[in-house]
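Residue numbers (full-length UniProt numbering): 1 to 194.
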């Protein structure tokens with residue numbers, strides 16, 4: 001029961017952070033959304049909102065990384081196809097959510113990078129994990145420079161997500177997906193891997 005309540009708090013916080021940001025999300029809103037008693041929040045997160053924020057960032061970051069791995073495994077795709085699929089899934093989720101479902105890591109990072117060192121660090125660690133996982137996939141396919149391309153993909157994705165969300169148009173995600181996939185495919189072919 002306790003771990004279920006904790007998981008609901010993390011999931012609710014991640015959803016609210018994606019939709020409205022860290023600063024605009026209140027603790028009472030999180031507990032109400034999770035269907036959890038008020039005292040449970042401080043039971044699981046005695047450090048308050050900042051601790052909840054850090055653990056939510058880590059939780060959401062791990063979920064997105066699992067999704068990335070599932071896309072690779074499900075499609076048995078090349079890196080360019082898998083990256084295009086991730087962009088496509090994000091475009092669909094954003095549109096389906098009424099333009100509210102952004103990235104909880106980027107949302108918190110933009111708000112907290114200069115106000116909370118622990119939150120900034122948690123966001124940086126998640127982004128570093130995503131870059132490392134992407135670089136490993138690229139390197140396994142002979143796509144180089146793997147680390148530089150992983151930075152490019154993540155930066156392009158987050159930027160396209162922000163542009164799509166603010167314009168209420170998935171075109172930035174779709175256009176960027178095509179260009180990123182084309183760049184990765186060219187790098188793979190340049191390396192001699194078909």
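In this text, a Cβ means the ideal position worked out from N, Cα and C, and glycines have one as well.
Among the options, which residue has its Cα nearest to the Cα of residue i?
i           : options              : result
residue 102 : 190, 118, 161 and 40 : 161
residue 107 : 97, 98 and 120       : 120
residue 124 : 54, 178, 177 and 97  : 54
residue 176 : 27, 133 and 90       : 90
residue 9   : 36, 19, 23 and 18    : 36
residue 133 : 23, 28, 43 and 83    : 83
residue 167 : 114, 183, 98 and 72  : 98
residue 77  : 141, 156 and 169     : 141
residue 96  : 27, 181, 19 and 180  : 19
residue 92  : 169, 183 and 180     : 169
residue 136 : 72, 113, 163 and 27  : 72
How would you call residue i, buried or exposed, if buried means at least 16 neighbouring beta carbons within 10 angstroms?
i           : result
residue 49  : buried
residue 80  : buried
residue 61  : buried
residue 189 : exposed
residue 70  : exposed
residue 171 : exposed
residue 267 : Given a span of 1 to 194 for the chain in the structure shown, any question on residue 267 remains unanswerable.
residue 111 : buried
residue 146 : buried
residue 131 : buried
Taking the C-alpha atoms as reference points, what is the distance between residue i and residue j?
i           : j           : result
residue 52  : residue 158 : 23 Å
residue 4   : residue 45  : 14 Å
residue 85  : residue 116 : 33 Å
residue 33  : residue 14  : 11 Å
residue 11  : residue 58  : 11 Å
residue 100 : residue 6   : 24 Å
residue 43  : residue 122 : 21 Å
residue 178 : residue 152 : 14 Å
residue 29  : residue 38  : 10 Å
residue 182 : residue 109 : 29 Å
Going by beta-carbon coordinates alone, are residue i and residue j separated by less than 8 Å?
i           : j           : result
residue 118 : residue 56  : no
residue 94  : residue 185 : no
residue 87  : residue 173 : yes
residue 41  : residue 31  : yes
residue 149 : residue 138 : yes
residue 129 : residue 65  : yes
residue 144 : residue 187 : yes
residue 126 : residue 156 : no
So is residue i in contact with chain B if we call contact Cβ pairs under 8 Å?
i          : result
residue 19 : Protein chain content of the structure displayed is limited to a single chain, and chain B is not contained in it.
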